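Peer 1:
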Amino acid sequence: MRRYRARHKRLAELVEQTDKALSEGRYQSALELARQQEALATQEELPGVRKANRDIIAAMEGQKRQAEDARTVAAASAAHLQQTMDTLTGDLAQLQDARKHLDQIDNEELEKMVNDLLTVALDPGVAELYSKLQELLNPT
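Numbering-wise, the sequence shown is residues 118 to 257 according to this note's numbering.
1. At what residues does the alpha helix (DSSP H) containing N152 begin and finish?
2. So, for V237: in the same chain, excluding its five sequence neighbours on each side, which residues have a beta-carbon less than 8 Å away from its beta-carbon?
3. Just the Cα atoms here: how many angstroms apart are K249 and L209?
4. Could you give the distance in angstroms between the alpha-carbon of N170 and the alpha-carbon of S140?
5. Would you decide whether T189 is buried or exposed? Buried here means 16 or more other CB atoms lie within 10 Å of its CB.
6. How is D240 classed by DSSP in three states: helix, strand or coil?
7. My understanding is that A158 touches I173, with C-beta atoms under 8 Å, so please give their C-beta distance in whole angstroms.
8. State the DSSP-derived secondary structure class of N170, mapped to helix, strand or coil.
9. Quick check on the burial criterion: 16 or more other C-beta atoms within 10 angstroms. Buried or exposed for A192?
10. Would you decide whether A147 is buried or exposed? Buried here means 16 or more other CB atoms lie within 10 Å of its CB.
11. Please state whether DSSP places H223 in a helix, a strand or coil.
12. Taking V132 and Q160 to be in contact with their CB atoms under 8 Å, please state how far apart those CB atoms are, rounded to whole angstroms.
13. Measure the C-alpha to C-alpha separation of E185 and L198 and round it to an integer number of angstroms.
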């Protein structure tokens, strides 16, 4: 009778430790404790406990696989996010360089450039040259 109580006491302790490990998120420890429960149940010929432990172990191993899959997806997402951040950082640097270049051009210089372009564009000789060029490129 004493031996029976000692076996069940040890099994109860293992169950309690497993529950505590699960509640604390120590899944690897819980899995090891569940395996110890199964070994004890096998040794003591407790088929109901063995089946329950096998089910628990299978569920915990499934959760472990899901966690590993989630980590893999998270790592891939982090790599993609890092790549996107690098691209955006490069784009921002280009925009800042363009902004610096535009800031270096003062308004008077810009106005002179526009006036020069308008003068050339409105010149009758340029208009005639453009017309001839269009005829050469698009013969009808």
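Glycine residues also receive a C-beta, built at the ideal position from the N, C-alpha and C atoms.
As the structure is a prediction and not an experimental result, all values here were calculated from the model.
Peer 2: Put simply:
1. For the record, residue 152 in the displayed sequence is Arg; it is not Asn. Where R152 is concerned, the enclosing alpha helix (DSSP H) starts and stops at Y144 to Q160.
2. Apart from sequence neighbours up to five positions away, the residues of its chain that approach V237 with a beta-carbon distance below 8 Å are V243, ordered along the chain.
3. 43 Å
4. 17 Å
5. exposed
6. coil
7. Contact check for A158 and I173: beta-carbon distance about 11 Å, past the 8 Å limit, so the pair fails to qualify.
8. Helix, per DSSP.
9. That one is exposed.
10. Per the 10 Å Cβ criterion, buried.
11. Here residue 223 is Asp; the residue named in the question, His, does not match the sequence. Here D223 sits in coil by DSSP.
12. So it is not a contact: roughly 16 Å between Cβ atoms.
13. 20 Å
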